[in-house]
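Engineer:
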């Protein structure tokens with residue numbers, strides 16, 4: 001059985017989750033977040049940008 005990744009999924013593979021989480025911790029960007037992680041926010045904003053949303 002083949003495993004097919006979407007182009008969006010392939011683009012996300014270029015971004016190191018380790019380095020991303022390291023920056024989140026360094027700048028304390030999740031200090032006051034309530035259930036929506038920085039990674040989820042990044043992925044949703046990237047998708048919106050690439051799909052041409054206003």
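Numbering (our numbering), first residue to last: 1 to 54. From the three backbone atoms N, C-alpha and C, an ideal C-beta is built for every residue, glycine too. Because the structure is a prediction, the values reported are computed rather than measured.
Would you call the CB atoms of residue 30 and residue 38 closer than 8 Å?
Structural biologist: With contacts defined as CB atoms closer than 8 Å, residue 30 and residue 38 qualify as a contacting pair.
Engineer: Could you tell me the distance, in whole angstroms, from the CA atom of residue 40 to the CA atom of residue 11?
Structural biologist: Between the alpha carbons of residue 40 and residue 11 lies a distance of about 15 Å.
Engineer: DSSP three-state call for residue 10: helix, strand or coil?
Structural biologist: helix
Engineer: Do residue 36 and residue 8 count as a contact pair if the criterion is CB distance below 8 Å?
Structural biologist: no
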